[in-house]
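Chemist: Before anything else, here's the structure in question.
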Amino acid sequence: MAPDASGSHYNAQRRTTVFVCGLGMVGVAFIEKLLTLDAAGRYFIRTCGEEPHLAYNRVGLTEYFQHRNVEELYLNDPSWYAEQQPERFAFHVGEQVISIDSTNKTVSTSKGNVFDYDILVMATGSGAGLPPYVTMEQAEKTKGVFVYRNIADLEKIMDYADLPHISKASVVGGGLLGLEAAKAVYDMPGVPDVSIIIRQNYPLNRQLDPSAGELVLRKIEAMGVKVLTQCEPQAIITRVDENGDDVFTGFKISDDEIIESDLTIFAIGIKPRDDLAAASGIKCARRGGIDVGDDLMTSEQDIYAVGECASWRGNTYGLIAPGVEMADILAFNLTQTDGHAPRKMNDPDLSTKLKLMGVDVASFGDYFADDRMLKEAEAAEASLAAAEEGVQISSNKPSRRRKGPRDTKNDPIKCLTYHDPFSATYKKFIFSKSGEYLLGGIMIGDTGAFTKMVSIIKKKKKLTVPPSEFIIGAKKEGDDDGGDLDDDAVICSCHSVQKGAIGACIKGGCTDLGDIKKKTKAGAGCGGCVPLVTSIYKAEMKKAGHATVNHVCHHFKLSRMDLWQIVKIKKLRDFPTIIATVGSGSDSQGCEICKPAVQSILSSIYNEHVMNPMHNSNQETNDKFMANIQRNGTFSVVPRIAGGEVSPEGLIAIGQVAKEYGLYTKITGGQRIDLFGAQKQDLPDIWGRLIAAGFESGQAYGKSLRTVKSCVGSTWCRFGVGDSVGLAIDLENRYRGVRSPHKFKGGVSGCVRECAEAQSKDFGLIATDKGWNIFIGGNGGANPRHAHLFAKDVPPTKVIRILDRFIAFYIRSADRLVRTAPWVDSFEGGIEKLKKILLEDELGICADLENDMATLIDSYVDEWQQAVTDPALRKQFRQFVNTDERRLAIEPITERGQQRPADWPKAFPPVKFELKDIVTPREQWTWIPLATTDDLQPSENNTTSAAVRYGEDSQLAIFHVPKRGYFATQQMCPHKRAFVLEHGIIGDDANGNLYVSCPLHKRNFTLDTGDCTNDDEYKILAFEAREENGTIFLRLPPGDQLDALIGSAKWMVRQADARVMGAIPATKLEDSKATFGEGAKQTSIEIIGPAASVDEDKSVAGTDCESGESHKGCGGALEW
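Residue numbers for the sequence shown follow UniProt numbering, beginning at 1 and rising by one.
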């Protein structure tokens, strides 16, 4: 990259020139801060970097071995440099400053340029240290000897490691740099043998105590890396190659011991690069480094030093954080001291948090305070003992010299240690004697609290919790969002980024996390702070009103709650009108996400019949056919049994239906009877029989009330306090048919023994001697939640009004597919706010909520009662519209006296069906009439579909899409070999491409090509379709050829096949091509047991308001 000007002598006019010698991490940090703070534009900044690269993240050097792209390490994009004003900033790469003339205030470079300066900032960094047995000249000329400091070093290491004779590598040094180098070599596939050589007993001895160091040592060894402790090489061993060059072959440990190695990396520490300063007459410290004062000025006026090259009070620092702090101080002092005292350098924070060799390691504060005090005490005792031994004392008094373990009760510090060898976790926290202050600590394994610990120490905060909570305190669920951190808490120690910087960026209009990280440099160092930065970003976005987008889908840029309000206020009544009014437009078809969501909203407001042609195609398959689809394509039948109460006659009727239709019968967890295995075409007849016996739909298929479970309560139980059965029946019959964002369940227990498990339900009631305790927001399932106590000792006359309000408010405000438990947990203000809204009518909406519920209750009809008496609706339950023949997808087997589907394999081999697998060329296919428009009932408002049989055994699905025409595909979804695609929802993507979504597991297949858009391991056959004079034609190959490829018998899941393949244990598939189709992989599969899922049901009932007016809302606060 070219500098900003040409010639041998540059002189920037009118501004104070600040020349920065070095373009490393600290150098660029100073430049950025000075550009930011120099609002008056007083300074012109020029810098030279000797490397050919822009400033990059040296802490992330190890990552370079993975991607080998230096630009991924850049601290700023190249565009950042180009965007700077040339009158304020100029930079030169690949150009090294070789001399300084402090008298004339100029610097000379390796390219012969001479630059003027007014202020010179030395940021030359550090070089690699070498042990005394290796000279720099020897290291440079010996092949196989390397240091680990920059990109050039890494390139040399990688090139050498690729040589065929390299198999053993060693790293000398067990500090931060040594472990980084060891990890880099360990990740090289061509170097199987890696050793770390250290003088100490354990690695990271400057950051860890012996216990923590031992833990890290064992973790490293578990990776297969040898760690040679207390090992001090005396010399390197070399041989001479054919070119006369020295080649490294190992180390001499003693006369009798050598260590063989083909490649070694010295990473024993750093050496401040102070040679340029020393040659220019600038004072350097005795132990190395450019000597600076508290203001960071060197011995020469207007020359400063920052970073690893600087020695402050005799100390140099090899961490990025102290260097960035120096850059902060100097930039501040150059720009902000007109009305403010200059900042001074103080003891820097040496806390570190890194992931080294796969181990999370952190140390913070005065983490060696206990060790230091022990040494001081031992030294004092040794001095005292020496004094005593030097004086003859004629006394019988015992010596004050310590004879046993040291008494620590009077120490000014106390340590709290936790060591878990099973999870490789170690924590040591050092506190003041009183336990009121945290002084420092070490963490291995679990370092999540690092930022919080550092913040507490920096502020010298008095602790508000006992020290034990730092070890055994309850772990907070979810990510730490930094809510308990102050804005000035440093969340990125590498670049001293404070928490408040994240919020400031968001308030300034920068809402992209990547841009914020670039702007603040948070996460641009070691990367250990990225999870916390991300959590803080999310929390700050929410605080600033930029909440995470919760749009329904790409067709509706609205939340479900907003969409619900719009539909209700505008009185919109169908999906086409809604998507045209507030969605992506009338040409959009919607998708498998928004169609059911919108239909749920419509049902929760108007509650029209789900099989209404305007609504039916927008429903999930369960709602579309008013039954739960099972894995074999059949359906379950669940009649309502409110409160679990059923008569003997009812039981007999259910048994007779199950026996006649061969249905598998099971008691559900919701106290109902589930009949499995009903074929679609039999559903109307089955329900006709059940309705005649006095049953109604249990609506186990909908996002609605399932059941209200009860114990026998006071009716039979000697402990019963309340009539739980009667109340459960009333509630189930009241809320039956009420559609909601997700299913909801209830429970009523007649006493505190809680046999109905009411506290694990969306709403639950428990009888007390004063009424009923009402619980809300519980559920079982994958994430069980204990319900919240919402109201105590509620009189029976008030119970239903409270539940009306709760359910109506849930319907109105919850997101799609959100149960009441997460809705309550995430509700702003929590359960106490809900109490104010629903019990005290804080918002004045309770009358509206009660009226909404009354409207829904009044609109109830038994959906199956209407379906079995409507010939047009009954027609929709045919399996094929062109034949009365039936086809099964899975072979039925008998188990424990009942029929069930044969087992599914654990995973079917993926299959892609291709037209090329059909013998007859596509151009020779013929148009075959297979259906009529009367079969599909095409509409200009909604999609329709039907299944047809072709040939002897092929099943095809035909779809009509408004404004787009007719389409056809195979009926079978290859994911689970289920013949169900005709039941699927038709949608379109952001580009208008149509697809059908499989109702079982939501694999989406395009209607024109058959490609699976969300799983590229699958593909189906798609066919052309057209309509002429009321007849629907499909362009197809000969039937026998299609049968051979997608025939029902070929793809039926059979138990015999599973036995042949070895159900348990799995055996290899001998002929996967023959069994699963062309292109399938030979796969070992594992057959699992029955996987039929039992879905619970729902019920509802009616009760009058206290005012005596049935189902009419009264509003107002409720008292009892």
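Ideal Cβ positions, reconstructed from N, Cα and C, are used throughout, including at glycine.
K427 and Y437 look like a contact to me (Cβ under 8 Å); what is the Cβ gap, rounded to whole Å?
Modeler: That belief does not hold up - the Cβ atoms of K427 and Y437 are roughly 17 Å apart, past 8 Å.
Chemist: Among the residues of its own chain, which have a CB less than 8 Å from the CB of F1076, if the five just before and after it don't count?
Modeler: Reliability of the predicted coordinates at F1076 is poor, the pLDDT of 40 falling under 50, and the value obtained from them is presented with this limitation in mind. Closer than 8 Å at the Cβ level, and outside the excluded window around F1076, lie F908, P909, V911 and L1069.
Chemist: So what's K792 in DSSP terms, helix, strand or just coil?
Modeler: Note: K792 maps to strand in three-state DSSP.
Chemist: Which residues does DSSP list as the beta-bridge partners of Y950?
Modeler: Partner(s): S954.
Chemist: Would E87 pass as a contact of S110 if the rule is Cβ separation under 8 Å?
Modeler: No, the Cβ-Cβ distance between E87 and S110 is not below 8 Å.
Chemist: Are T529 and T425 close, meaning C-beta to C-beta below 8 Å?
Modeler: Residue 529 is actually Cys in this sequence, not Thr. The answer is no: Cβ separation not under 8 Å.
Chemist: How big is the Cα-Cα spacing for Q955 and V961?
Modeler: In a straight line, the C-alpha of Q955 is about 20 Å away from that of V961.
Chemist: According to DSSP, is M297 helix, strand or coil?
Modeler: Strand, per DSSP.
Chemist: Who does R739 pair with in a DSSP beta bridge?
Modeler: Bridge partners of R739: S704.
Chemist: For P639, write down the residues that DSSP places opposite it in a beta bridge.
Modeler: S697, per the DSSP bridge assignment.
Chemist: For T16, which residues of its own chain have a beta-carbon under 6 Å away from its beta-carbon, when the five flanking residues on both sides are left out?
Modeler: Only R42, Y43 and D118 meet the Cβ criterion.
Chemist: Have a look at A522 and C494 and give me their C-alpha separation to the nearest angstrom.
Modeler: Roughly 8 Å between the two C-alpha positions.
Chemist: F556 bridges to which residues according to DSSP?
Modeler: In the DSSP output, where bridge partners are listed per residue, F556 has C553.
Chemist: Only counting runs of 4 or more residues, tell me where the alpha helix (DSSP H) segments fall wholly within the region 781-851, in order along the chain.
Modeler: The region 781-851 contains these whole alpha helix (DSSP H) runs: 796-813, 820-826 and 830-838.
Chemist: CA-CA distance, K745 and L485?
Modeler: About 40 Å.
Chemist: Just the C-alpha distance for L511 and I673, rounded to the nearest angstrom, thanks.
Modeler: Leu is not the amino acid found at residue 511; the sequence shown has Thr there. Rounded to the nearest angstrom, the two C-alpha atoms are 53 Å apart.
Chemist: Between the region 886-893 and the region 1041-1056, can you find at least three pairs of beta-carbon atoms closer than 8 Å?
Modeler: They touch, by the three-pair rule.
Chemist: According to DSSP, N993 sits in a beta bridge with which residue or residues?
Modeler: None; N993 has no bridge partner.
Chemist: Measure the C-alpha to C-alpha separation of Y202 and G244 and round it to an integer number of angstroms.
Modeler: Cα to Cα, the separation comes out at about 39 Å.
Chemist: Need the endpoints of the alpha helix (DSSP H) that G500 sits in, please.
Modeler: Residues K499 to K507.
Chemist: Nearest-angstrom Cα distance between L463 and T581?
Modeler: Going from the Cα of L463 to the Cα of T581 covers about 57 Å.
Chemist: Where G694 and D841 are concerned, what is the direct C-alpha to C-alpha distance, given to the nearest angstrom?
Modeler: Going from the Cα of G694 to the Cα of D841 covers about 40 Å.
Chemist: Check whether the region 153-170 touches the region 187-201, taking contact to mean three or more Cβ pairs, one atom from each stretch, closer than 8 Å.
Modeler: Yes, they touch.
Chemist: Is it buried or exposed for K595, if we count other Cβ within 10 angstroms and need 16 for buried?
Modeler: Flag for K595 reads buried.
Chemist: In the region 48-94, which residue ranges form an unbroken alpha helix (DSSP H) of at least 4 residues, counting only runs that do not cross its ends?
Modeler: If we require 4 residues or more, the alpha helix (DSSP H) runs fully inside the region 48-94 come out as 64-67 and 78-83.
Chemist: Is D638 near G585, with beta carbons less than 8 Å apart?
Modeler: The question names Asp, but residue 638 is Val in the sequence shown. No; because the gap between Cβ atoms is not below 8 Å, this pair is not in contact.
Chemist: Identify whether I320 lies in helix, strand or coil by the three-state DSSP scheme.
Modeler: If DSSP states are grouped into helix, strand and coil, I320 belongs with the helices.
Chemist: Can you give the Cα-Cα distance for A90 and G190, rounded to whole angstroms?
Modeler: Spanning the two alpha carbons is a distance of roughly 43 Å.
Chemist: Could you give the DSSP three-state label for C998: helix, strand or coil?
Modeler: Coil.
Chemist: Taking DSSP as the reference, what is the three-state secondary structure of H419?
Modeler: Here H419 sits in strand by DSSP.
Chemist: Taking C-beta to C-beta, are M25 and L73 nearer than 8 Å?
Modeler: No.
Chemist: Can you tell me where the beta strand (DSSP E) with S108 in it begins and where it stops?
Modeler: Where S108 is concerned, the enclosing beta strand (DSSP E) stretches over T106 to T109.
Chemist: Nearest to N927 by CA position, among E895, C998 and R1026, is which residue?
Modeler: Reading off the sequence, residue 927 comes out as Trp, not Asn. The shortest C-alpha separation from W927 is found at R1026.
Chemist: Compute the beta-carbon to beta-carbon distance between A123 and G27, rounded to the nearest angstrom, for a pair I have assumed lies under 8 Å.
Modeler: Their Cβ separation, rounded to whole angstroms, is 4 Å, which keeps A123 and G27 in contact under 8 Å.
Chemist: Out of S126, G144 and G503, which has the shortest C-alpha to C-alpha gap to G482?
Modeler: Among S126, G144 and G503, the Cα nearest to that of G482 is on G503.
Chemist: Count the other CB atoms, across all protein chains shown, that sit within 10 Å of the CB of Q589; report buried if there are 16 or more and exposed otherwise.
Modeler: Counting Cβ neighbours within 10 Å, Q589 comes out buried, since at least 16 surround it.
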